[in-house]
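Chain order of the listed sequences is A and B.
If you're matching positions, the first sequence starts at 1 in our numbering and goes up one per residue.
If you're matching positions, the second sequence starts at 1001 in our numbering and goes up one per residue.
One structure is given here, and the rest of the page talks about it.
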Amino acid sequence: MSVLSALSDGAVIAKRNLIKIKRVPDLLVFTTLSPIMFVLLFAYVFGGAIDQQGGGQAYREFLIAGIFAQTVVFGATITGAGLAEDVKKGIIDRFRSLPMSPSAVLTGRTFSDVVNNVLVLIVMSLTGLLVGWRIRTSALEALGGFLLLLVFAYAISWVMAWVGMLVPSPEVVNNAAFIVIFPLTFVANTFVPLNTLPGPLRTFAEWNPVSAVTQGARELFGNIPPGTPPPTGWALNHPVMYTLIWAVVVLAVFVPLANAQYRRSASR
Amino acid sequence: MTYAIQARDLVKRYGDVTALDGVDLTVPTGTVLGLLGPNGAGKTTCVRILTTLLRPDAGTAEVAGVDVLADPRGVRQRIGLSGQYAAVDEYLTGFENLDMIGRLYHLGARRSRERARELLRQFRLDDAADRPAKTYSGGMRRRLDLAGALVASPPVLFLDEPTTGLDPRSRTDMWEVIQGLVAGGTTLLLTTQYLEEADLLADEIVVIDHGRIIAQGTADQLKAQVGGERLDITVADPARVGEAKRLLEPLGVGPAVVEEHRRSLLMPVSGGAAVLINALRQLDVAGIGVDDVGLRRPTLDDVFLTLTGHAAEESENAGEAVEQVREGAR
Ligand SMILES: Nc1ncnc2c1ncn2[C@@H]1O[C@H](COP(=O)(O)OP(=O)(O)O)[C@@H](O)[C@H]1O
Ligand SMILES: [Mg+2]
């Protein structure tokens, strides 16, 4: 199997998934609507309480990177749910009966979900700008911030790809993912500074990769005001490095697992 | 003679369910094999093994001269599959569905597009070609799915219950399409629960039940195995069906089957019109009124009933029935 035809097969599959985004724009609307709602709710409901002197402005700036991180992580469930739906409808069987590259369905799927995430990030950045979020670094660093979010989301997509091939229905993928993703995205520095968390939760949050992505993005967007005390723990002091290590390890484990599960999968 | 499909001793277990229990199949190139059996007989399992989607626990198979287990990719290049449930992508248009499959067969962009248009025309989907498949009727989806299996003009085709769930009109349409393909020389393995479908489309029929082959041959051979004609009588008074049975059974060559709610009696006979006349005379003498009477050749429904002791739709006590058939065959 040549790499070239594997790539072209992946592109065919990615195109197919993107057509779905085009045909069902509601999908994109709803994946962006809830983060927009989150931005507004957190910014105006909690903002004032957490940041009394600033009238919420500083908190809103702090918050945006957290919401970005949470949204792209949740976005990865689309990968799993989409694959589970394809298994259920027998479309994976059809693909498996074709002489195509066996890895193309998953690479195509995870790639189109990156495109989906780019669209979501654009919509959310615009909302962020409206509520007062600003990028205070160079364009290049800001781009680095977005790339970091996308790379992390890509790795989580592969975890979800494995889950999607393993469990029988899109609903189960969603429920299973929420049970794991909610604590991961809340027991972190996404919405509150870590010094407010009690001991064990704080330790968890300090090593939680979601905290690292958030911290890394905040640094790259320049959303950490001068004079803020440095975070504790190695991970949060090297957030970009720590995030990339996580992404590489997750990919090394879950790309082969998901591919093996694809070959075994069966429609029900 | 060359064989497009050869399978030996296929076994597949799911936990304690034995889905296939040693199935042998041979399909000469250019012919149609009908794999006939009720729900849960093992038809889909068999198709999935032959199309490389599932590995058997034991057994070997060759499709289009290529070993299914050793070279699945080689097999995939030579087959088309239309699974039990139409696997069309409902967000894509009919054209996009077929074009995508062409690309995945590596036909190239131009050839894929041409082939997609060709097939849409052939399957009378050209009017709907640029509508999302979501808007298609069940029959249209089925045709689109079948078109997908034909994109690369494969020499061997697998259709798993191609007409299940279709209305009678779409079913007849589908039969015509399939007959057209077969006339073009494609080897076809077709599974079905409909006995008339196998009778109409297949050169050779394999009847399976509970993962085992219980009979095989041409439709005519199977019918012969079950005996000649059937005497089919509907009596006027439901209370007297039993009496009619006792009266007529000596005229038959096998036990009569009574369906009380339909007031009907069905019995294998030999001797043609003479038996018919004799039966009517006896009923007349006994004063049993007759609403309808006929002499007909056995259908595959009768075949199934005789072989398994149960109708194709239900499958209780099938284990016993298999034993009876085995003994009968000795
Ligand atoms: N994935 C599976 N897991 C467990 N049992 C299965 C699975 N697939 C099929 N079976 C069982 O194997 C038997 C044969 O199934 P199948 O080949 O689908 O029959 P058919 O297509 O003739 O209706 C049935 O008893 C079915 O319940
Ligand atoms: Mg089946």
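Where a beta carbon is used, it is the ideal one built from N, C-alpha and C, also for glycine.
As the crow flies, the alpha-carbon of A:Leu-194 is around 42 Å from that of A:Leu-7. Near ligand 2, meaning a beta-carbon closer than 7 Å to one of its heavy atoms, we find B:Lys-1043, B:Thr-1044, B:Gln-1084, B:Asp-1160, B:Glu-1161, B:Thr-1191.
The beta-carbon of A:Pro-99 is placed less than 8 Å from the nearest beta-carbon of chain B. Contact between B:Gly-1217 and B:Ile-1205 holds: CB atoms are separated by about 7 Å, below the 8 Å threshold. Checking the 7 Å criterion, the Cβ of A:Tyr-262 is out of range of every heavy atom belonging to ligand 1. A contact between stretches requires three or more CB pairs, one per stretch, nearer than 8 Å, and the stretch 69-88 of chain A fails this requirement with the stretch 1064-1082 of chain B. For A:Asp-9, the residues of chain B that pass the 7 Å Cβ criterion are Leu-1104, in the order they occur in the chain.
Beyond the five residues adjoining it in sequence on each side, B:Gln-1084 comes within less than 6 Å, by CB distance, of Thr-1044, Asp-1160, Glu-1161 in the same chain, given in chain order. In this structure, B:Gly-1059 has its CB at a distance of at least 7 Å from all heavy atoms of ligand 1. Counted as a single uninterrupted DSSP element, the stretch harbouring B:Lys-1012 is not any alpha helix (DSSP H) but the beta strand (DSSP E) occupying residues 1003-1014. Cβ proximity to chain A below 9 Å picks out Pro-1132, Lys-1134 from the stretch 1122-1141 of chain B. What B:Ile-1079 touches in chain A, judged by beta-carbon distance under 8 Å, is Ser-97, going in chain order. Between B:Val-1290 and B:Ala-1236 the beta-carbon gap is near 7 Å, inside 8 Å, which marks them as a contact. For B:Thr-1052, the nearest beta carbon of chain A is closer than 8 Å to its own beta carbon. Flagged as an interface residue toward chain B: A:Asp-93, by a C-beta distance shorter than 8 Å.
The straight-line gap separating the alpha-carbon atoms of B:Gly-1102 and A:Arg-60 is approximately 50 Å. Counting only Cβ-Cβ distances below 8 Å, A:Ser-103 has no contacts in chain B at all, with the closest Cβ about 13 Å away. Only buried fits A:Trp-158, as 16 or more other CB atoms lie within 10 angstroms of its CB. Unbroken alpha helix (DSSP H) runs of no fewer than 4 residues, entirely contained in the stretch 1144-1193 of chain B, are found at 1168-1183, following chain order.
Look at B:Thr-1234 here: in three-state DSSP terms it is strand. Ranked by how close their Cα comes to the Cα of A:Val-192, the residues A:Asp-86, A:Met-37, A:Ile-67 have A:Ile-67 in first place. Within the chosen limit of 7 Å, ligand 1 reaches the beta carbon of B:Gly-1040 through at least one heavy atom. Straight across, the Cα-Cα distance linking A:Val-180 with A:Asn-17 is about 25 Å. If you check the CB distance, B:Leu-1157 and B:Gly-1228 do not come in under 8 Å.
In terms of Cα proximity to B:Asp-1126, the closest of B:Leu-1144, B:Gly-1242, B:Gly-1184 is B:Leu-1144.
Here B:Ala-1215 is bridged, per DSSP, to B:Val-1207.
In the structure shown, A:Thr-107 adopts helical secondary structure according to DSSP, grouped into three states. In the structure shown, B:Leu-1092 adopts coil according to DSSP, grouped into three states.
Taking 8 Å as the CB threshold, A:Ser-5 lines the interface with chain B. For A:Val-12, the neighbours in chain B by C-beta distance under 8 Å run, in chain order, Met-1100, Arg-1103, Leu-1104. B:Thr-1045: member of the alpha helix (DSSP H) spanning 1043-1050, first to last residue. It is roughly 25 Å from the alpha-carbon of B:Ala-1086 to the alpha-carbon of B:Arg-1013.
Per DSSP, the unbroken alpha helix (DSSP H) holding B:Asp-1199 starts and ends at 1195-1201. In this structure, the beta-carbon distance from A:Glu-206 to A:Gly-233 falls below 8 Å. Using a Cβ-Cβ cut-off of 7 Å, B:Ala-1087 is close to Lys-89, Gly-90, Ile-91, Asp-93, Arg-94 of chain A, given in chain order. For A:Met-165, the closest C-alpha among the options A:Asn-116, A:Glu-85, A:Phe-221, A:Ile-224 is that of A:Glu-85.
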